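In the working numbering, the protein residues as written are 19 to 208.
Put into structure tokens, the structure is as follows:
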């Protein structure tokens, strides 16, 4: 039997900002040397913009800051104690227990809020102490592949995201919504 669910991006959709950048800033304030580890990603940004570097490779360099954090789990607990209250109200009002969050952010970063919301999670597999990816960055078509692999037979009733990068998932939904802050608009037609 086909399961019909609502699927959501997380950053700038359920949470009104990017959780990875917020967690990086949080850690950099507490462990200033951690910020220096992420500088290695800077040269890759222009290469990424012109298609000469992969998102996975650049983000892996960015996540090197994790190697400087003595207890990532403890920092995640503190971070989400401060940030979970920022989850968008519109999401809380329509949340369902069969929702699926699909995000390019690391699974270790989003596991606590997904569990607290009582929903399922598909996110990038990144070592929380190493910053090393296990597989591809969960973005674009990869999100479709992961959804089909992890929840075969699932159909998308409604899809919500802030990013045109998620057009492959939006195309699978009965209804898709572009999120901007707390405003939901029908997904733009091609």
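Where is the CB? At the ideal position from N, CA and C, for every residue including glycine.
All of these numbers come straight from a predicted model, not from anything done at the bench.
In angstroms with no decimal places, state the Cα-to-Cα distance between residue 98 and residue 130.
Cα to Cα, the separation comes out at about 7 Å.
Quick check on the DSSP output: what are the complete alpha helix (DSSP H) runs of length 4 or more inside the stretch 46-104, in order along the chain?
Within the stretch 46-104, the complete alpha helix (DSSP H) runs of at least 4 residues are 50-55, 62-67, 73-80 and 90-101.
Measure how close the beta-carbons of residue 85 and residue 147 come, nearest whole angstrom, since I'm counting them as under 8 Å.
With 8 Å as the limit, residue 85 and residue 147 qualify as a contact, their Cβ atoms being about 7 Å apart.
Roughly how many angstroms separate the alpha carbons of residue 139 and residue 164, rounded to a whole number?
Distance between the alpha carbons of residue 139 and residue 164: 11 Å.
Based on the DSSP output, what are the partners of residue 28 in its beta bridges?
The partner list for residue 28 (beta bridge, DSSP) is empty, contrary to what the question assumes.
Rounded to whole angstroms, what's the CA-CA distance from residue 166 to residue 133? Just pull it up for me.
If I take the Cα positions, the gap works out to 21 Å.
Cutting at 6 Å between CB atoms, please list the residues of its own chain near residue 194, excluding the five before and the five after it.
So the list reads 177, 188 and 205, once near-sequence residues are dropped.
In three-state terms, what does DSSP make of residue 111?
Residue 111 falls in the helix class under three-state DSSP.
Looking only at its own chain, which residues have a Cβ that is under 7 Å from the Cβ of residue 141, when we skip the five neighbours before and after it?
Hits under 7 Å: 121, 123, 124, 125, 128 and 156.
What does the Cβ neighbour count give for residue 77, buried or exposed, with the cut at 16 atoms within 10 Å?
Burial call: buried.
Tell me the rounded alpha-carbon separation between residue 175 and residue 49.
Cα to Cα, the separation comes out at about 43 Å.
Tell me whether residue 144 sits in a helix, a strand or coil according to DSSP, three-state version.
Note: residue 144 maps to strand in three-state DSSP.
State the start and end residues of the unbroken alpha helix (DSSP H) segment that holds residue 162.
Unbroken alpha helix (DSSP H) run through residue 162: 159-168.
Which partner residues of residue 34 appear in the DSSP bridge assignment?
Answer is none; residue 34 lacks a bridge partner.
Between the Cα of residue 152 and the Cα atoms of 135, 184, 116 and 81, which residue gives the shortest distance?
Nearest C-alpha to residue 152: 81.
Where does residue 194 sit, in a helix, a strand or coil, going by DSSP?
If DSSP states are grouped into helix, strand and coil, residue 194 belongs with the strands.
Does the CB of residue 146 have a neighbour CB from chain C at under 8 Å?
Among the protein chains of the structure shown there is no chain C, as only one such chain exists.
For residue 44, which residues of its own chain have a beta-carbon under 6 Å away from its beta-carbon, when the five flanking residues on both sides are left out?
Once the five neighbours on either side are set aside, the close Cβ partners of residue 44 are 97.
If you count every other CB in all the chains shown that lies within 10 Å of the CB of residue 171, and 16 or more means buried, which is it?
Residue 171 should be labelled exposed.
For residue 38, I'd like the list of residues in its chain whose CB is within less than 6 Å of its CB, leaving aside the five on either flank, ordered along the chain.
Once the five neighbours on either side are set aside, the close Cβ partners of residue 38 are 123.
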